[in-house]
Each structure stands twice: as structure tokens, then as C-alpha cells.
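A short worksheet on the structure shown next.
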Amino acid sequence: MFKAAKSLVKKFATKVLDLDDTVKPLSHLELFEDYLDKFEFDTNTPDVLKFLNILKKKHLVDDIVVATQNGSSVVSTNGNSVTTAVSGAAMFNYIQSEHPKSESVMIKSNGQWNMIFPDKDKLYIVKASSDLSVTEMRSLAKEIDTFLETRNLN
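Just so you know, we're using UniProt numbering here: the sequence shown kicks off at 1 and counts up by one.
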């Protein structure tokens, strides 16, 4: 029974990872640049929750959870960050064990994208109506990491 479940999950993970779009999304980036030009996002705040909510608007995402690689929640914009952190870390670690060169996990479910990607020693779990490019994911992670480092919240 374990072999059947492992095979099923492996097939699912393979199909999910095949959704990777390696083409640079120029129209997506142009839209994003236009959006950023029209609005100003002041991320200079000492409050973590306020900072994350500003980033949600800036990057057009619905939810951000930052976790450690083992599933401990660091910061979050939602009320069930522990559950999200544990399940996100478990899923990412499983996919890493089956596909060691994978860099991120993107799952589309019920019209919403669930993206899981590592940066440095943290795991970022982001939910959005649209998928983010690798550049956008790294930018989001860099902003959060810089904020946490400057405030010694790592």
C-alpha cells in the first residue's frame, strides 16, 4: 500500500513540476512595472504584519508565510501559519527528495496559485491569483529577508 501511495504522489509531483514555464514573461513584467509606477509602497515600518500587508499589495499576492526548512513558522499574514508552514515544508521537502534539482513548487488549485520556494535558510509559501515569475519570487524573498535581518527577527 505504501508503494502505491508513493507512486501516486510521485506521479502527481512530476505533473506539477512539468508546469514550469521557463520563458521570460515579458507582458507580465510590463504589467507589474506599470503597476509599481502608479502606486507608492512605503515599506519603512517597524511592524512585521504591516510590512507584509504592504508587500501583499506591492506584489499582488493574497497570502505570505515565511517558514524554516523544517516547518516552523517565522512570520505570516494569515491566522493558520503553523499549518501552512508545516504542510508547505513537508510538500517541498518531499518534492526535493524525488526531484533534487527542483527550485520551486507551483500548484494551481481552485483558480489560485500556491507557490513554495526556498531562499537562503527560509521557505516562502505564497498564495496568489496569478503565478509569480522566479524573479518576482526572489524579489519578494529578498525584501522580507532584508526586513527580518535589519530588525533581528530571523
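Quick reminder that beta carbons are idealized off the backbone N, C-alpha and C, glycines included.
Predicted, not measured: the structure shown is a model, and the values here were computed from it.
Which residue's Cα is closest to the Cα of Ser133: Ala13, Ala5, Leu26 and Lys6?
Selected option, being the one with the closest Cα: Leu26.
Can you find the residues in the same chain that come closer than 8 Å, C-beta to C-beta, to Asn78, ignoring five residues on each side of it along the sequence? Cβ neighbours of Asn78 beyond the five flanking positions: Asp63, Val65 and Thr84.
Taking Lys50 as part of the alpha helix (DSSP H), name the residues at either end of that continuous run.
Following the DSSP letters along the chain, one finds Lys50 inside the alpha helix (DSSP H) bounded by residues Val48 to His59.
query: So, using beta-carbon positions, are Ser104 and Met115 closer together than 8 Å?
result: Closer than 8 Å, so yes.
message: Tell me the rounded alpha-carbon separation between Leu52 and Glu98.
response: When the Cα atoms are used, Leu52 and Glu98 turn out to be separated by approximately 32 Å.
Closer than 8 Å by C-beta to Lys56: which residues in its own chain qualify, once you throw out the five before and the five after it? Chain order, please.
Correct list, in chain order: Asp62, Asp63, Ile64 and Thr77.
Quick one, are the C-beta atoms of Thr68 and Lys122 less than 8 Å apart?
Inclusion of Thr68 and Lys122 in the CB contact set at 8 Å is warranted, their separation being smaller than that value.
**OP:** Would you kindly work out how many angstroms separate the C-alpha atoms of Ile130 and Gln112, rounded to a whole number?
**Re:** Residue identity check: residue 130 is Ser in the sequence provided, not Ile. CA-to-CA, the gap between Ser130 and Gln112 works out to about 7 Å.
Q) Is it buried or exposed for Pro118, if we count other Cβ within 10 angstroms and need 16 for buried? A) Burial state of Pro118 is buried, judged by a 10 Å Cβ sphere holding 16 or more other Cβ atoms.
*Roughly how many whole angstroms lie between the Cα atoms of Asn80 and Val9?*
As the crow flies, the alpha-carbon of Asn80 is around 25 Å from that of Val9.
Reference Leu31; option with closest CA among Lys58, Thr45, Ala13 and Ala5: Put simply, of Lys58, Thr45, Ala13 and Ala5 the residue whose alpha carbon is nearest the alpha carbon of Leu31 is Lys58.
Can you tell me the Cβ-Cβ gap for Ile95 and Ala4, rounded? I've got them flagged as a contact below 8 Å.
With a Cβ gap of about 19 Å, Ile95 and Ala4 do not count as contacting.
### Query
Taking Cβ positions, are Ile125 and Gly71 nearer each other than 8 Å?
Not in contact: Ile125 and Gly71 (Cβ atoms no closer than 8 Å).
Query raised in the report: Since Phe92 is in the alpha helix (DSSP H), which residue starts that stretch and which ends it?
Result: Note, Phe92: alpha helix (DSSP H), Ser81 to Glu98.
request  = Could you name the residues that DSSP lists as bridge partners for Leu132?
outcome  = Looking at the DSSP output, Leu132 shares a beta bridge with no other residue.
Proximity winner among Thr135, Ile54, Leu29 and Thr146, relative to Glu40 (alpha-carbon distances):
Per the Cα distances, Ile54.
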